[in-house]
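Protein chains: 2
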Amino acid sequence: YHRLSIMLTRYSSGYSNNENKCLQKWNANGKMREKSLTMDTLNPQVKAVEYAVRGPIVTKAGDIERGLQQGQKHPFTEVIKANIGDSHAMGQKPITFLRQVVALCSFPELLDSSIFPDDAKQRARRILQGCGGQSLGSYSASQGVDCIRQDIAVYIEQRDKGVPADWDNIYLTTGASDGIVSILKMLVSGQGRSRSGVMIPIPQYPLYSAAISEMEAVQINYYLDEDNCWALDINELHRAYQAAKEHCHPRVICIINPGNPTGQVQSKKCIEEVLHFAYEENLFVMSDEVYQDNVYSPDCQFHSFKKVLYEMGPEYFNTVELASFHSTSKGYSGECGFRGGYMEVLNLDLEVKAQLVKLLSVRLCPPVSGQAAMDVIVNPPLPHEPSYLQFHKEKSAVLGALAEKAQMTEQILNTVPGIKCNPVQGAMYAFPRIFIPPRAVEEAMCVSLLLLEETGICLVPGSGFGQREGTYHFRMTILPTTEKLKVLLEKLRDFHIKFLKEYASLEEPKR
Amino acid sequence: YHRLSIMLTRYSSGYSNNENKCLQKWNANGKMREKSLTMDTLNPQVKAVEYAVRGPIVTKAGDIERGLQQGQKHPFTEVIKANIGDSHAMGQKPITFLRQVVALCSFPELLDSSIFPDDAKQRARRILQGCGGQSLGSYSASQGVDCIRQDIAVYIEQRDKGVPADWDNIYLTTGASDGIVSILKMLVSGQGRSRSGVMIPIPQYPLYSAAISEMEAVQINYYLDEDNCWALDINELHRAYQAAKEHCHPRVICIINPGNPTGQVQSKKCIEEVLHFAYEENLFVMSDEVYQDNVYSPDCQFHSFKKVLYEMGPEYFNTVELASFHSTSKGYSGECGFRGGYMEVLNLDLEVKAQLVKLLSVRLCPPVSGQAAMDVIVNPPLPHEPSYLQFHKEKSAVLGALAEKAQMTEQILNTVPGIKCNPVQGAMYAFPRIFIPPRAVEEAMCVSLLLLEETGICLVPGSGFGQREGTYHFRMTILPTTEKLKVLLEKLRDFHIKFLKEYASLEEPKR
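Chains A and B, in that order, give the protein sequences.
For the first sequence, the working numbering assigns the number 1 to the initial residue and increments by one for each residue that follows.
For the second sequence, the working numbering assigns the number 1001 to the initial residue and increments by one for each residue that follows.
Structure, rendered in structure tokens:
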């Protein structure tokens, strides 16, 4: 307990101000040369931003890692980072075909080399022909390279069994985050009670809350149903909407499917209900579908919001404004570092569309090598092509291992007293609930730090994603190798059991 | 004249509203299902953003280009895009060594191949060792890959003849734009008369005005002195500052050196004056130095703001808050598509620094292949290494050709009656002044469109960058190949002479 209190003090105080003060100097006129930018003068919207996935616990993990390299002693030999969906950092190997195409695009002299298969060369040539001066080094159009947008449209049509996709509605982005922020930015307006409200699931991926803070929009929480495998409950949507209408103007609903951090896969019926609700209430729909390839549970299937909207008939399909997001970072490729992604928009007002292009054009273009990576994901080798077998083998291996780890995570966590974990139906995370003694509640935030210092396991506390008041969770990825993940889960179990015991003994004297 | 009026109507009306209206539908309750996002409900800050470098003229150029490919007839066979600093699109070849390193990082199997020189392999290994799982596909830290930040610090120390650089102050960015927007975002606060004011040069690169609009900061214009080769005049800074103090809180001064769109290179004395001014007035300094390698005039030399600050003594060097920006997009590499860049900050308050990292972390990380490209630029082959000769030859060829084209552009433009062009001392642009008859003034915006339709030349009107009232300019890049640039300049000359004649004949009857 004492340990925890010290940590609480240590980590909540932040930086000392002394170091700053001594940097202040007197200027030539004898006035104090004050800093122009201090915590007092910092943009308050920046101050309000929170992003736990890379917060202080992760910084601490980095410090410990560097310490280990320099020979410092810890009760473990390695930090296991289960805080972020970063597949390659956890040892997943890149998809060979994707990297071949990117290498060929980067150094086209390799197009003459016999090292590379013809289908990779063909993809690279197609991409380069779409680039100014046939170079990855030229800016693309703000919306992305034309032929890549066309490939994406073809991919979406195939994925959605023939629902038409127009490449004019496709925009390449710098990861999915960039697209999400851009669309939100368009939608935020008004002051006071007419300020835009953004409906987000709780728990959520903190990009949403961070962007909402930064833009001073109003965050409208709708709670996912933990007792029902984190399903979205339409009644809860209505409740949240009606309550929010009193103090803001709800304009947009965000859905993450499969869920992050909650790992649920939405049923078709649920999606229909959401879309009907958005139709009735004139809401813009943002569907974050970056985990569309990450579905593990045999009872679940990914349904795109767009396809469901189409099946609801033209009255819906021709009216509901929808933006959906995809990424190179997740799925089976896990290419986070390339910052590739795209969004598809539906039913956007034409003038608004021109405004969107203008907004995107200020940042010039998404990284072109990320666009190339996105192209491979939507346009993989076909069965008759030379790279097909290897590609298929690599893809299946990644997705197979993830499915196995999803199941193992749920199983082991549910053997721990005081931990309850829903099935990890999809995505890359478990978000188990932890039941902690009342006296431990104050230090709930610190438990993750203690876990890190004692075991080297880096997780993110549930508060970073949002949770019902009085409940406690953490998010962990299922990305470490099967062996490491098993070690992680067992260490976690032992830590939690020990933690509960310590508190039990502290509480006894009081009774 | 008639031609111009028609165009004015055609291009100023924008999209017709009819197409949108027919998309509105009645919903199940018999209410009209209105669009959630229209020009009326769009974020007004987004509406206010302007970015001419990729505005309607460029869109039109793209349309004409596609038309040409499909066999449409125009009075020219090719569109020459001199609107944007996009070197590779204009035929500049990538630096071999840079692309070898990026290809090796993308597909590390190539590290075993004899195609690549050892120094390229060594750079690639170093970069990969800094990446999680030794993969470009993992997220880097929000500030960028450690070893690349270290290489940048070493580069800055060498560039600045020993002025110390701490890699803890280096942040990789998604092009320079991303860094500039992030720093500005930190600095914007307050309402009404205490709202943050941002001093920017006029003419300026429109990223600045766009970001200021988007953040609802106050733009404070200081005018560069066109009669003195676009030099920055310290008296004009004082004037702008004093005037602005009446209605906002000036907090930051932005300088672009070498200048975009104006091509001037600042003298050391001028930089000293700016820094002294910033010191006295407690301003944050943002120095956009992305053209630091693009200095052509033998009388000019690049001085970094940081080095000059250092030489002014510790009273300045230890107090003035400075952020300087660099990029992979310009210089001799011209790697725009990689979206690489970095910023160095000085004297940032420690708590503010933590807030900056937090803000950057929401977008996870800059593209890692762009970081790799940045690394090569700051860490090129050394004289004893196998790639040195070729690298040096390629770099000199690019910079030599740019110097030649800078001179040619100025010379030819100054032979045209009614055009006056300052020397292009650096960067990649000329920003000549055009003198047009009073009756033509109304259509000044349209002249560029007419030029495009008649000659295929795509330029940006001066209004996109800002200019003194009653003066007219355009920005053109010097990036087309020497032969094409010559054709462009001659076409431009002929067009302008013809244009002046048409107006002269229109004005005569009135006299």
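Note that beta-carbon positions come from the ideal geometry of N, C-alpha and C, so glycine has one too.
Small disclaimer: the values here were computed from a predicted structure and weren't measured.
Identify whether residue i lies in helix, strand or coil by the three-state DSSP scheme.
i         : result
B/Thr1174 : strand
A/Ala323  : strand
A/Cys458  : strand
B/Ser1113 : coil
B/Ser1304 : coil
B/Tyr1332 : coil
B/Pro1201 : strand
A/Leu360  : helix
A/Arg195  : coil
A/Glu483  : helix
B/Ile1084 : coil
Whose Cβ in chain A lies nearer than 7 Å to the Cβ of residue i?
i         : result
B/Cys1446 : Within 7 Å Cβ-Cβ: nothing; B/Cys1446 doesn't reach chain A, min ~19 Å.
B/Ala1103 : Ala103, Ser106, Phe107, Leu110
B/Gly1175 : Leu364
Find the residues of chain B that neighbour residue i, judging by a C-beta separation of less than 7 Å, and give them in chain order.
i        : result
A/Arg339 : Pro1367
Would you kindly report the start and end of the unbroken beta strand (DSSP E) that includes residue i?
i         : result
A/Tyr223  : 218 to 223
A/Ser287  : 284 to 288
B/Met1476 : 1472 to 1477
A/Gly254  : Position check: residue 254 of chain A holds Cys in this sequence, whereas Gly was assumed. Element bounds for A/Cys254: 249 to 256.
B/Leu1346 : 1340 to 1346
In whole angstroms, what separates the C-alpha of residue i from that of residue j?
i         : j         : result
A/Ile57   : A/Gly340  : 27 Å
B/Ala1377 : A/Gly133  : With the sequence shown as reference, residue 1377 of chain B is identified as Ile, and Ala is not the correct amino acid for it. When rounded, the distance between both Cα atoms is 21 Å.
A/Phe305  : A/Glu273  : 11 Å
B/Leu1184 : B/Gly1190 : 14 Å
A/Ser182  : A/Leu360  : 8 Å
A/Ala278  : A/Met199  : 11 Å
A/Gly515  : B/Cys1147 : The structure shown does not extend to residue 515 of chain A, since chain A is modelled only from 1 through 511, so no value can be given for it.
A/His496  : A/Phe465  : 21 Å
A/Phe452  : A/Thr59   : The residue asked about is misnamed: residue 452 of chain A is Leu in this sequence, not Phe. A/Leu452 and A/Thr59: Cα-Cα distance of roughly 11 Å.
B/Val1529 : B/Pro1206 : This structure cannot settle anything about residue 1529 of chain B, because the visible part of chain B is limited to 1001 through 1511.
A/Asp227  : B/Gly1370 : 44 Å
A/Asp559  : A/Leu346  : Because chain A is modelled from 1 through 511, residue 559 of chain A falls outside the range shown and cannot be assessed.
B/Leu1128 : B/Leu1136 : 7 Å
A/Ala372  : B/Met1215 : 32 Å
A/Pro314  : A/Lys307  : 12 Å
B/Glu1078 : B/Leu1450 : 15 Å
A/Leu399  : A/Asp299  : 16 Å
A/Arg126  : B/Ile1434 : 42 Å
What does residue i touch in chain A if you count any residue whose Cβ is under 9 Å from its own?
i         : result
B/Met1343 : Residues of chain A passing the Cβ test: none, with the nearest at roughly 14 Å.
B/Asn1422 : Within chain A, no residue comes near B/Asn1422; the closest Cβ sits about 26 Å away, beyond 9 Å.
Given 8 Å as the limit, tell me if residue i has its C-beta closer than that to any heavy atom belonging to the ligand ZN.
i        : result
A/His303 : Judged by which ligands are present, the structure shown has none, so any question about the ligand ZN falls away.
Note down, in chain order, every chain C residue with its Cβ under 7 Å from the Cβ of residue i.
i        : result
A/Gly331 : Here the protein chains are A and B, and chain C is not one of them.
Residue range of the alpha helix (DSSP H) that residue i falls in?
i         : result
B/Arg1123 : 1118 to 1129
B/Ile1152 : 1146 to 1159
B/Val1274 : 1268 to 1280
B/Ile974  : Any question about residue 974 of chain B goes unanswered here, given that chain B covers just 1001 to 1511.
B/Ser1402 : In the sequence as presented, Ser is not what sits at residue 1402 of chain B; that position holds Leu. That run of the alpha helix (DSSP H) goes 1388 to 1413.
B/Ile1064 : 1056 to 1069
A/Leu104  : 96 to 106
Residues in the same chain with beta-carbon distance under 6 Å from residue i, minus the five sequence neighbours each way, listed in chain order, please.
i         : result
A/Ser213  : Ala48, Val49
B/Leu1023 : Legend: pLDDT at B/Leu1023 = 41, less than 50; position of this residue unreliable, no value from coordinates given.
A/Met476  : Ala82, Ala430, Leu459
A/Ala504  : none
B/Asp1040 : none
B/Leu1485 : Lys1405
Between residue i and the rest of its own chain, which residues show a CB-CB distance below 8 Å, the 5 nearest in sequence each way excluded?
i         : result
B/Gly1179 : Tyr1171, Thr1173, Ala1323, Phe1325, Gly1341, Tyr1342, Met1343
B/Gln1143 : Arg1149, Ile1170, Tyr1171, Leu1172, Val1357, Leu1360
Name the chain B residues that come within less than 9 Å of residue i, Cβ to Cβ?
i        : result
A/Ile497 : Under the 9 Å cutoff, chain B gives no residues; its nearest Cβ is about 31 Å from A/Ile497.
So residue i contacts chain B; which residues on that side make the cut at Cβ distance below 8 Å?
i        : result
A/Val274 : The premise fails here: A/Val274 is roughly 15 Å from chain B at the closest Cβ pair, so nothing lies under 8 Å.
A/Glu34  : Asn1282
For residue i, collect the residues of the same chain with a Cβ closer than 7 Å to its Cβ; drop the 5 residues on either side in sequence, then sort them by chain order.
i         : result
A/Leu492  : Ile457
B/Ser1387 : Phe1097, Pro1117, Asp1119, Ala1120, Pro1381
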